[in-house]
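Numbering (full-length UniProt numbering), first residue to last: 1 to 275. What follows is a set of notes on a single structure, which appears directly below.
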């Protein structure tokens, strides 16, 4: 059975992340893994820094060394276990099969080691800097859908998908429709940002064909991509945003742009990124 991996840390959105993960697991008929990582830095003996060509080590180093790993404290282990058990209790109460995983190390490396994943769910907030500062790496490396949670839980009944008709956006739309990640009664808003009316119509026709028979609206917007998408979402009170993991094209700034342009950091609703 595939799994929904819910990444938890000690932050105010833990309960929301847990609830979104459980809701997705119910829709996908998946089990849940609650993951807590104690981030442990790896220390290289005699390490002085980085140079253009690689590592710089001390004069007396012979370049053959063992990596020193800081130990997790009893307090860190206890805190992680408490967070995981609280989440598992919620899953048990809702009848969702779940396991817990307390690890130490680099959280991205640990996430990359997971196999048979349906979706990753994680918080993006001031208290979870490790996620906020690594959005680009996460979306490029994990190769699975990621739901970034930025608010308290509420049922997702509608989604706004940024759509440019290219492979990534088609893949994102088909995943949402075919998987039922947000349920089968989802209301779709498909938006393209294009000043060329004819081109926009062609792009949206592709989405219409994919969503044949579904409840959907198809919208052409103009202006700044991120601003226009966010503005439309707010005006229509849409529950979530979705995008492909675009590395280029009109929606590149959604994930890979500056802070002000990054939709994951600026949306007021959960953002699903589909790779």
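By construction, the Cβ of each residue, glycine as well, lies at the ideal position given by its N, Cα and C atoms.
Limits of the alpha helix (DSSP H) - the one that residue i falls within
i: residue 94; result: Unbroken run through residue 94: none, as it is neither H nor E.
i: residue 21; result: 14-28
i: residue 172; result: 167-179
i: residue 264; result: 263-266
i: residue 110; result: 107-112
C-alpha distance - residue i paired with residue j, whole-angstrom precision
i: residue 219; j: residue 166; result: 16 angstroms
i: residue 200; j: residue 224; result: 15 angstroms
i: residue 24; j: residue 182; result: 7 angstroms
i: residue 9; j: residue 236; result: 32 angstroms
i: residue 228; j: residue 74; result: 48 angstroms
i: residue 216; j: residue 238; result: 12 angstroms
i: residue 120; j: residue 269; result: 16 angstroms
i: residue 156; j: residue 240; result: 7 angstroms
i: residue 221; j: residue 207; result: 15 angstroms
i: residue 231; j: residue 263; result: 11 angstroms
i: residue 234; j: residue 85; result: 36 angstroms
i: residue 211; j: residue 87; result: 35 angstroms
i: residue 71; j: residue 105; result: 10 angstroms
i: residue 172; j: residue 162; result: 9 angstroms
i: residue 175; j: residue 154; result: 21 angstroms
i: residue 160; j: residue 81; result: 36 angstroms
i: residue 205; j: residue 190; result: 11 angstroms
Where the beta strand (DSSP E) containing residue i begins and where it ends
i: residue 121; result: 117-123
i: residue 3; result: 3-8
i: residue 31; result: 31-39
i: residue 243; result: 240-244
i: residue 297; result: Outside the modelled stretch of the chain, which goes from 1 to 275, sits residue 297, for which no answer is possible.
Same chain, Cβ closer than 6 angstroms to residue i, five either side skipped, listed in chain order
i: residue 110; result: 37 and 103
i: residue 76; result: 38
i: residue 100; result: 34, 84 and 88
Cutoff 7 angstroms; reference residue i; Cβ partners in own chain excluding five residues on either side
i: residue 137; result: 108
i: residue 91; result: 22, 32 and 98
i: residue 144; result: 117, 119, 120 and 275
Proximity test, residue i beta-carbon vs the ligand ADP heavy atom, cut-off 7 angstroms
i: residue 226; result: The ligand ADP is not part of the structure shown, which contains no ligands of any sort.
Chain-order list of residues whose beta-carbon lies under 8 angstroms from that of residue i (same chain, five-residue window excluded)
i: residue 149; result: 13, 16, 17, 20, 121, 122, 123, 124 and 270
i: residue 265; result: 124, 132, 135 and 259
* Asked: Hey, which unbroken runs of the beta strand (DSSP E) at 3 residues or more fall wholly within the segment 183-232?
  -> 187-193 and 216-221
task = Write down every uninterrupted run of the alpha helix (DSSP H) in the segment 122-157 whose length is 4 residues or greater and which is fully enclosed by it, in chain order.
result = 129-132 and 135-141
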